[in-house]
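Residue numbers (the working numbering): 11 to 495.
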């Protein structure tokens, strides 16, 4: 098995080959480290690399398998963790100069579960400063570039993860999503990202463990691999009060790709709620036609999303102040203007503001619940734009409509956040310029299995995710931004 095959083989197949001892963990990790050395300087996706530690873990993994000991479902698979997720003994910066030298003493729960399942830590993937926004750039490591066009953004906040997957630098990735941070980078990098139902993947430590705005979730190059990773990440934990009791193992089985007879709704612009670039609209329209060819009953429809905008902006601002208010007081001069603005928006909120946001979201939930009594899934654009100029902080206009803040262009993702529904980003096609566009597949309340099933059927029909970026075969210079250690 040559290194290129190892780096672009699906995680599901690679895990099976490792368990059958057709390839060793040492070989798999070495192949991925070599690819990082060659390709990462072009995209800047992996920002802290722990190569020596990864090779030691690979040797231990091989010895464990050879001894006949039980191994986990991700045995020997290399993974770089999002730089918002704490990793014990490995620098975790959150993309902020305030934390440039921060080394946690404990792992985040998702990192714990990946390690327990046998995954091998390669390092950390790049994020925006404090994870704010959907463009991965920060003062510590700079910008992550899109593998399909290095002059474009890789999205965010899991932008490093998305670019690393697209380039074959890792087969699986952990991420998080408040307003689209799993979905937007998946769309921009032609990979798959799932925002699970709140509580599906528990979170710890967490300053607001009762909140449901932000979730952790899986990214990969295929829907089947996302389901594999979800089977490891999902399931209850006593440290997370809202964790769902359903075990992750329910997602480990084969996906049934037959969606014949499903009732599918689609909308090019979330029922007129958001402006969408025409090139993105056309890809979504084509995706709806694919579901028709698969035997689904397809019609243009969208639930009433009124109130979702206000509810999200209020709850996000409250969350930003809760999480980073003390940091603003101590380090205002070291924080980006958009970060400062969003925290200060939280400080302006009143009790009635928060109460109104809760009422709006409650009404939204019931309207969406009624909608899914008629439809099995809803198809939407993930992002309102294709990957934009990496030098911009965010798109300043969409289809002629001016964007006032760094959040406005993300509305196609964050309005769905407020429904509480699971949402999958799956590769759907490309613009005439060759830029990736993702399809957002939304399911009913806690309908994670439904969106995976629909996404899998669509993936098999289109094979859009199999188109690799040219940079993945190129040669870089030097090593990862964080260097080998």
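Note that beta-carbon positions come from the ideal geometry of N, C-alpha and C, so glycine has one too.
Predicted model only: the values in this text are computed from it and were never measured.
8 Å contact criterion, which residue i and residue j should meet: CB distance rounded
| i | j | result |
| --- | --- | --- |
| residue 55 | residue 130 | In fact, because the Cβ distance is near 17 Å, the residues do not count as touching under 8 Å. |
| residue 181 | residue 87 | 6 Å |
| residue 277 | residue 312 | 4 Å |
| residue 83 | residue 242 | 6 Å |
| residue 94 | residue 31 | 35 Å between Cβ atoms; not a contact. |
| residue 73 | residue 97 | Not a contact, Cβ separation roughly 23 Å. |
| residue 315 | residue 425 | 5 Å |
| residue 52 | residue 155 | 7 Å |
| residue 398 | residue 48 | Contact flag wrong, Cβ pair sits at about 27 Å. |
Length of the line joining the Cα atoms of residue i and residue j
| i | j | result |
| --- | --- | --- |
| residue 454 | residue 387 | 7 Å |
| residue 223 | residue 427 | 7 Å |
| residue 419 | residue 89 | 30 Å |
| residue 495 | residue 238 | With a pLDDT of 37 at residue 495, under the threshold of 50, the predicted position of this residue should be treated as unreliable, and no value is reported. |
| residue 192 | residue 389 | 17 Å |
| residue 151 | residue 102 | 12 Å |
| residue 351 | residue 322 | 16 Å |
| residue 248 | residue 470 | 38 Å |
| residue 66 | residue 331 | 41 Å |
| residue 170 | residue 376 | 36 Å |
| residue 343 | residue 147 | 18 Å |
| residue 218 | residue 141 | 16 Å |
| residue 403 | residue 379 | 36 Å |
| residue 112 | residue 135 | 15 Å |
| residue 252 | residue 206 | 13 Å |
| residue 143 | residue 356 | 16 Å |
| residue 114 | residue 104 | 11 Å |
| residue 384 | residue 309 | 11 Å |
| residue 157 | residue 391 | 21 Å |
| residue 412 | residue 281 | 19 Å |
| residue 138 | residue 279 | 26 Å |
| residue 340 | residue 329 | 18 Å |
| residue 555 | residue 348 | Nothing can be reported for residue 555: it is not among the residues displayed for the chain, which extend from 11 to 495. |
| residue 108 | residue 216 | 19 Å |
| residue 488 | residue 220 | Residue placement at residue 488 is poorly supported in this model, since its pLDDT is 32, which falls under 50; the coordinates still yield a value, given next. Each residue's Cα considered, the two are about 44 Å apart. |
| residue 473 | residue 197 | 14 Å |
| residue 464 | residue 336 | 43 Å |
| residue 458 | residue 267 | 15 Å |
| residue 486 | residue 81 | Note that residue 486 has pLDDT 41, beneath the 50 cutoff, so the model's placement of it is unreliable and no number is given. |
| residue 254 | residue 431 | 14 Å |
| residue 289 | residue 35 | 42 Å |
| residue 159 | residue 443 | 9 Å |
| residue 400 | residue 236 | 27 Å |
Beta carbon of residue i nearer than 8 Å to that of residue j
| i | j | result |
| --- | --- | --- |
| residue 317 | residue 275 | no |
| residue 59 | residue 46 | yes |
| residue 211 | residue 120 | yes |
| residue 21 | residue 39 | no |
| residue 304 | residue 467 | yes |
| residue 204 | residue 449 | no |
| residue 71 | residue 133 | no |
| residue 214 | residue 250 | yes |
| residue 194 | residue 166 | yes |
| residue 447 | residue 461 | no |
| residue 396 | residue 445 | yes |
| residue 231 | residue 265 | no |
| residue 179 | residue 50 | yes |
Delimiting residues of the alpha helix (DSSP H) encompassing residue i
| i | result |
| --- | --- |
| residue 374 | 361–381 |
| residue 197 | 193–199 |
| residue 353 | 347–357 |
| residue 80 | From DSSP, residue 80 is part of no alpha helix (DSSP H); its letter is neither H nor E. |
| residue 450 | Unbroken run through residue 450 is the beta strand (DSSP E), 446–452; no alpha helix (DSSP H). |
| residue 476 | Residue 476 -> no alpha helix (DSSP H), and no H or E assigned at all. |
| residue 291 | 288–303 |
| residue 133 | Element bounds for residue 133: not the alpha helix (DSSP H) but the beta strand (DSSP E), 130–135. |
| residue 242 | 233–243 |
| residue 173 | 169–176 |
| residue 22 | 21–29 |
| residue 43 | 35–53 |
| residue 318 | 318–341 |
| residue 16 | 13–18 |
Unbroken beta strand (DSSP E) run spanning residue i, endpoints
| i | result |
| --- | --- |
| residue 89 | 88–92 |
| residue 440 | 433–440 |
| residue 274 | 273–276 |
| residue 122 | No beta strand (DSSP E) contains residue 122, which is instead part of the alpha helix (DSSP H) from 119–126. |
| residue 426 | Counting along the chain, residue 426 falls outside any beta strand (DSSP E), though it belongs to the alpha helix (DSSP H) covering 421–427. |
| residue 202 | 202–205 |
| residue 230 | 225–230 |
| residue 391 | 387–391 |
| residue 56 | 56–59 |
Practice item. Evaluate the contact criterion for the region 476–484 versus the region 404–415: three or more CB pairs, one atom per stretch, below 8 Å. Key: no
Practice item. State whether the region 426–440 contacts the region 290–300, with contact taken as three or more CB pairs (one from each stretch) at a distance under 8 Å. Key: yes
Practice item. Check whether the region 365–382 touches the region 257–271, counting contact only when three or more Cβ pairs, one atom from each stretch, lie closer than 8 Å. Key: no
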